[in-house]
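Chemist: Below is one structure. I have some questions about it.
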């Protein structure tokens with residue numbers, strides 16, 4: 001969603017071409033970032049028969065009205081006659097939390113609907129299009145003769161609902177990794193000290209990012225060193241998130257009451273990941289208490305580390321569809337090495353901490369040949385005060401997404 | 409100079425306020441980047457009595473006409489009457505390679521001259537202003553009621569001729585450090601492999617940067633691993649640079665004929681830095697040959713490493729006023745630890761190389777407390793293809809510059 005430029009709504013009647021309208025729909029979609037999960041962010045723009053802007057809308061919160069409905073709200077048939085609806089995702093075919101958008105649209109005197117990507121759910125994919133076509137509305141997937149712009153738009157259409165697409169296509173948790181490093185890639189001093197590497201503008205944006213994912217995930221070291229709250233503290237966002245802690249040997253489990261985490265979250269929103277081997281021991285000591293976190297017993301691999309894929313499978317089963325890893329160095333490295341990261345956010349401060357005595361976020365990542373380097377796809381850059389942020393997707397995941405897309 | 413935005417020249421007669429005119433003068437100044445050393449980059453803008461743009465000029469090459477002269481060229485007295493000349497640096501008072509600008513201006517029917525910074529040479533500082541004032545021209549240093557813009561302009565006025573100011577104020581070589589790293593701060597794999605971390609757009613820009621400094625400086629490892637040419641290969645720049653190699657124990661000295669360096673540079677432009685302790689040995693083996701490089705015998709410190717300050721003193725004596733360090737990791741680290749770097753350029757590619765098995769450019773930099781972190785001042789960001797570049801100055805030098813400035 002980082003690639004989406006926020007655009008001002010044009011004056012009514014302003015002529016927009018298809019590309020401009022789709023960029024505007026993307027901008028609208030991105031406004032839903034904090035509240036739609038596990039639904040996708042979707043945006044819609046309505047043009048009149050001459051290509052003049054009429055209205056726009058977006059999916060605002062989970063279970064709320066869909067983007068198309070918000071765009072069409074309050075308009076009369078005479079406003080809609082011959083109109084062209086541009087929407088980032090295929091209008092839904094089925095009645096779910098809200099009635100089917102495609103069926104609602106089919107009743108309207110619109111001339112055309114252009115949608116960005118087809119619904120990834122194989123059971124309904126294309127059904128929305130069919131319903132509208134059967135009603136005599138031209139329903140087309142977005143395309144453009146301007147290849148460069150078309151490629152940009154296609155990437156953004158995927159990115160704006162990437163967690164949703166990943167969930168549907170792979171039945172897996174979407175994993176984002178957020179790091180705050182120095183210019184030389186260090187995330188903490190040897191002592192563990194890391195507050196603060198980045199400035200207040202970056203840190204406020206991280207609170208926004210927390211709101212875009214179902215849960216924050218951290219390792220034991222981050223909890224014991226920083227004792228963070230890990231809740232969302234942002235002037236414009238009122239939302240409760242979940243927290244996942246990796247504490248393989250359950251070392252911190254009996255210190256819960258002292259952790260800030262437990263004062264800023266209800267314990268049912270905290271998930272404690274412990275090695276399976278400790279199960280009987282823990283169950284004896286900590287009978288399921290209302291004051292304790294949810295405990296997840298995770299399989300371990302030969303070297304005694306948690307099997308992170310198993311961890312993600314279990315939290316997916318618990319309804320958590322996206323997580324943002326927030327450290328520390330070891331946790332970040334482990335997820336990278338396990339090839340489980342979908343998107344990365346690296347905030348870099350213009351400081352040097354020195355690799356000679358600090359900790360890197362890739363300390364356990366080893367690359368032997370330049371051809372094996374890990375490539376970040378579609379990188380975007382943004383500045384926050386004196387810091388900058390780079391975000392992009394990991395090659396492996398990007399390739400998988402592309403392959404799946406080609407089948408669509 | 410990285411902070412200077414390149415502006416198009418306005419139409420003649422376009423009204424410019426003082427801030428706009430100074431930004432334009434800065435943009436003009438920056439056009440001299442590749443060819444003015446050891447002179448400063450200077451730009452000038454001429455406005456008519458109503459504030460309308462007449463002309464502009466910049467110092468194009470060492471020994472060539474000054475910015476003011478280029479701005480005034482071909483204009484008649486009637487064009488100049490009541491005019492306002494805006495120039496980034498105080499017009500020179502003395503006759504040097506070219507006649508005194510201040511005296512030339514004193515003869516013109518101009519109303520006012522606004523200059524950015526005073527000439528740093530204490531013997532002439534303020535003399536240019538006096539010559540013009542005595543002739544009845546208002547000569548004022550730039551100031552603005554818009555504090556934010558004024559601060560920006562003042563930083564840019566220093567930055568556009570920072571090497572020149574540093575040379576004059578401290579009688580020292582201006583040192584830039586250029587690094588090409590992965591997103592996690594690695595500059596080479598364990599094997600030494602580093603080609604290519606960044607993309608072609610970044611690499612072309614590095615050739616431009618080479619042209620902005622008198623010499624490139626590298627360590628022995630970079631020479632033996634990459635065998636680089638280290639010359640300037642840029643579509644728009646035809647310039648010969650100098651090369652400085654640090655080879656403490658003279659290990660590569662007898663392999664010179666095999667090095668690409670010696671095919672792309674005349675040997676008089678190559679400087680080989682060797683520990684003083686090897687002097688007698690080398691002088692026996694390599695009697696001064698026209699085919700060999702210039703040899704610089706550098707003092708060593710207690711741990712047997714070259715005293716980099718002594719190295720820089722010696723190359724200053726040889727007329728080299730600015731260098732850009734281009735690697736490797738050890739050389740970069742050594743200059744940072746010695747607090748000898750004035751400006752840094754870090755090009756980062758959106759790739760991960762893994763701190764677990766690669767080399768960081770700060771491998772010998774150790775910071776124990778967050779308060780001792782090395783702060784990059786006035787950071788600017790630029791993207792090159794998929795890479796981005798951050799540049800800024802080092803705190804220590806920035807503070808020294810500020811102090812000196814306050815005395816001016």
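Chains as they are written, first to last, in my numbering: chain A, 1 to 408; chain B, 409 to 816.
The C-beta atom is built at its ideal place from N, Cα and C for all residues, glycine as well.
(1) Mind reading off the beta-carbon distance from residue 218 of chain A to residue 327 of chain A? Whole number of angstroms is fine, and I expect it under 8 Å.
(2) I want to see whether chain A comes within less than 7 Å of residue 607 of chain B, judged by CB atoms only; does it?
(3) Can you find the residues in the same chain that come closer than 6 Å, C-beta to C-beta, to residue 6 of chain A, ignoring five residues on each side of it along the sequence?
(4) Check residue 628 of chain B in the structure and name its three-state DSSP category.
(5) Grab me the residues of residue 568 of chain B's own chain with a C-beta within less than 7 Å of its C-beta, minus the 5 sequence neighbours each way, in chain order.
(6) Classify residue 294 of chain A as helix, strand or coil using the three-state DSSP reduction.
(7) Reducing DSSP to helix, strand and coil, say where residue 79 of chain A ends up.
(8) What does residue 379 of chain A reach in chain B if we use C-beta pairs closer than 7 Å?
(9) Just reading off the alpha helix (DSSP H) that residue 115 of chain A is part of, what are its end residues?
(10) Determine, using beta carbons only, whether residue 740 of chain B comes closer than 7 Å to chain A.
(11) Within this structure, are the beta carbons of residue 353 of chain A and residue 781 of chain B separated by less than 7 Å?
(12) Rounding to the nearest angstrom, what Cα-Cα distance links residue 798 of chain B and residue 472 of chain B in this structure?
(13) Mind listing which residues of the stretch 180 to 191 of chain A have their C-beta closer than 8 Å to chain B's C-betas, in chain order?
(14) For residue 361 of chain A and residue 392 of chain A, I'd like the C-alpha separation in whole angstroms.
(15) Check whether chain B comes within 7 Å of residue 367 of chain A, counting only Cβ atoms and requiring the distance to be less than that.
(16) In terms of residues, what are the limits of the alpha helix (DSSP H) holding residue 127 of chain A?
(17) Any Cβ of chain C within less than 7 Å of the Cβ of residue 412 of chain B?
(18) State yes or no: is the beta carbon of residue 355 of chain A nearer than 7 Å to at least one beta carbon in chain B?
(19) Can you pull the chain A neighbours of residue 778 of chain B, defined as C-beta to C-beta under 7 Å?
(20) 7 Å is my cut-off, CB to CB: does residue 392 of chain A come that close to chain B?
(21) How long is the line joining the alpha carbons of residue 76 of chain A and residue 51 of chain A, rounded to whole angstroms?
(22) State whether the stretch 80 to 98 of chain A contacts the stretch 114 to 123 of chain A, with contact taken as three or more CB pairs (one from each stretch) at a distance under 8 Å.
(23) Output the residue ranges of the beta strand (DSSP E) runs that lie fully inside the stretch 580 to 660 of chain B and measure 3 residues or longer, sorted by chain position.
(24) Put residue 753 of chain B into one of helix, strand or coil per three-state DSSP.
(25) Nearest chain B C-beta to residue 426 of chain A closer than 7 Å, yes or no?
(26) Do residue 779 of chain B and the ligand SAH come close, with the Cβ less than 6 Å from some heavy atom?
(27) Does residue 693 of chain B come out as helix, strand or coil in the three-state DSSP assignment?
(28) So, does the CB of residue 586 of chain B fall closer than 7 Å to a CB anywhere in chain A?
(29) Check whether the stretch 676 to 684 of chain B touches the stretch 704 to 713 of chain B, counting contact only when three or more Cβ pairs, one atom from each stretch, lie closer than 8 Å.
(30) For residue 323 of chain A, does the three-state DSSP call read helix, strand or coil?
(31) Do residue 465 of chain B and residue 364 of chain A count as a contact pair if the criterion is CB distance below 7 Å?
(32) How long is the line joining the alpha carbons of residue 428 of chain B and residue 786 of chain B, rounded to whole angstroms?
(33) To the nearest angstrom, how far is it from the Cα of residue 546 of chain B to the Cα of residue 517 of chain B?
(34) Which stretch, first to last residue, makes up the beta strand (DSSP E) that contains residue 789 of chain B?
(35) Grab me the residues of residue 398 of chain A's own chain with a C-beta within less than 7 Å of its C-beta, minus the 5 sequence neighbours each way, in chain order.
(36) Ignore the nearest five residues each way along the sequence and tell me which others in residue 724 of chain B's own chain have a CB closer than 6 Å to its CB.
Modeler: In terms of the structure at hand:
(1) Within the first chain, numbered from 1, the residue matching residue 218 of chain A stands at position 218. Within the first chain, numbered from 1, the residue matching residue 327 of chain A stands at position 327. With a contact defined as Cβ atoms closer than 8 Å, residue 218 of chain A and residue 327 of chain A qualify at about 6 Å.
(2) The residue you call residue 607 of chain B lines up with position 199 of the second chain. No, its Cβ sits nowhere closer than 7 Å to a Cβ of chain A.
(3) On the first chain, residue 6 of chain A is found 6 positions in, with the first residue counted as 1. Excluding sequence neighbours, residue 6 of chain A sits near 27.
(4) Mapped onto the second chain, residue 628 of chain B falls at position 220. Residue 628 of chain B carries a helical assignment under DSSP once its states are collapsed to helix, strand and coil.
(5) Position 160 of the second chain, counted from the start, is the residue given in the question as residue 568 of chain B. Excluding sequence neighbours, residue 568 of chain B sits near 409, 412, 434, 437, 438, 449, 496.
(6) As a first step, residue 294 of chain A is located in the first chain; it is residue number 294 there, counting from the start. For residue 294 of chain A, the secondary structure class from DSSP, reduced to helix, strand or coil, is strand.
(7) Position 79 of the first chain holds residue 79 of chain A. DSSP, read as helix, strand or coil, puts residue 79 of chain A in helix.
(8) Sequence index remark: in the first chain, residue 379 of chain A carries index 379 (1-based). Within 7 Å Cβ-Cβ: 758, 794.
(9) In the first chain, counting from the first residue as 1, residue 115 of chain A sits at position 115. Taken as a continuous stretch (DSSP letters only), residue 115 of chain A belongs to no alpha helix (DSSP H), being part of the beta strand (DSSP E) at 112 to 117.
(10) Indexing the second chain from 1 puts residue 740 of chain B at position 332. Chain A contact via Cβ: absent.
(11) Locating residue 353 of chain A in the first chain gives position 353, where the first residue counts as 1. Locating residue 781 of chain B in the second chain gives position 373, where the first residue counts as 1. Judged by their CB atoms, residue 353 of chain A and residue 781 of chain B are nearer to each other than the 7 Å cut-off.
(12) Position 390 of the second chain, counted from the first residue, corresponds to residue 798 of chain B. Position 64 of the second chain, counted from the first residue, corresponds to residue 472 of chain B. Rounded to the nearest angstrom, the two C-alpha atoms are 32 Å apart.
(13) Listed by position, the residues of the stretch 180 to 191 of chain A near chain B (Cβ gap below 8 Å) are 181, 182, 183, 184, 185, 186, 189, 190, 191.
(14) Looking up residue 361 of chain A in the first chain gives position 361. Looking up residue 392 of chain A in the first chain gives position 392. Here the C-alpha atom of residue 361 of chain A lies approximately 16 Å from the C-alpha atom of residue 392 of chain A.
(15) Within the first chain, residue 367 of chain A is the residue found at index 367, counting from 1. Yes, because at least one Cβ of chain B sits closer than 7 Å to the Cβ of residue 367 of chain A.
(16) In the first chain, residue 127 of chain A corresponds to position 127, counting from 1. Looking at the DSSP string, the run of the alpha helix (DSSP H) that includes residue 127 of chain A is 127 to 134.
(17) Absent from the structure is chain C; the protein chains it does hold are A and B.
(18) Here the question's residue 355 of chain A lines up with position 355 in the first chain. Judged by the 7 Å Cβ criterion, residue 355 of chain A is in contact with chain B.
(19) One-based indexing of the second chain puts residue 778 of chain B at position 370. Neighbourhood of residue 778 of chain B in chain A, by CB distance below 7 Å: 189, 193, in chain order.
(20) Along the first chain, read from residue 1 onward, the residue named residue 392 of chain A stands at position 392. Put simply, the CB of residue 392 of chain A is near chain B, with a gap under 7 Å to one of its CB atoms.
(21) For the purposes of this step, residue 76 of chain A is identified with residue 76 of the first chain, where counting begins at 1. For the purposes of this step, residue 51 of chain A is identified with residue 51 of the first chain, where counting begins at 1. Approximately 18 Å, taken between the alpha carbons.
(22) Contact between the stretch 80 to 98 of chain A and the stretch 114 to 123 of chain A is present, because at least three Cβ pairs lie under 8 Å.
(23) Entirely contained in the stretch 580 to 660 of chain B, the beta strand (DSSP E) runs reaching 3 residues are, in chain order, 582 to 590, 594 to 597, 623 to 627, 650 to 654.
(24) Locating residue 753 of chain B in the second chain gives position 345, counting from the first residue. Of the three classes helix, strand and coil, the one that applies to residue 753 of chain B here is strand, per DSSP.
(25) The structure shown does not extend to residue 426 of chain A, since chain A is modelled only from 1 to 408, so the question has no answer here.
(26) Of the ligands one can find in the structure shown there are none, so the ligand SAH has no counterpart to examine.
(27) Locating residue 693 of chain B in the second chain gives position 285, counting from the first residue. Reduced to three states, the DSSP call for residue 693 of chain B is helix.
(28) Residue numbering aside, residue 586 of chain B sits at position 178 when the second chain is read from its first letter. Interface residue (Cβ-Cβ distance to chain A less than 7 Å): residue 586 of chain B is not classified as such.
(29) Contact between the stretch 676 to 684 of chain B and the stretch 704 to 713 of chain B is present, with at least three C-beta pairs closer than 8 Å.
(30) Start at 1 with the first residue of the first chain, and residue 323 of chain A comes out as number 323. Looking at residue 323 of chain A - three-state DSSP - the assignment turns out to be strand.
(31) Working through the first chain from its first residue, we reach residue 364 of chain A at position 364. Working through the second chain from its first residue, we reach residue 465 of chain B at position 57. Between residue 364 of chain A and residue 465 of chain B, the C-beta spacing is not below 7 Å.
(32) On the second chain, residue 428 of chain B is found 20 positions in, with the first residue counted as 1. On the second chain, residue 786 of chain B is found 378 positions in, with the first residue counted as 1. Whole-angstrom Cα-Cα distance: 21 Å.
(33) Here residue 546 of chain B is taken as the residue at index 138 of the second chain, counted from 1. Here residue 517 of chain B is taken as the residue at index 109 of the second chain, counted from 1. Their backbone Cα atoms lie some 11 Å apart in a straight line.
(34) As a first step, residue 789 of chain B is located in the second chain; it is residue number 381 there, counting from the start. First-last of the beta strand (DSSP E) with residue 789 of chain B: 782 to 792.
(35) Indexing the first chain from 1 puts residue 398 of chain A at position 398. Caution is warranted here: a pLDDT of 37 is assigned to residue 398 of chain A, below 50, making its placement in the model unreliable, and the coordinate value is therefore given only provisionally. Exclusion of the five residues before and after residue 398 of chain A leaves 377 as the residues of its chain whose Cβ lies within less than 7 Å of its Cβ.
(36) Translated into positions along the second chain, residue 724 of chain B becomes position 316. The answer, listed in chain order, is 581.
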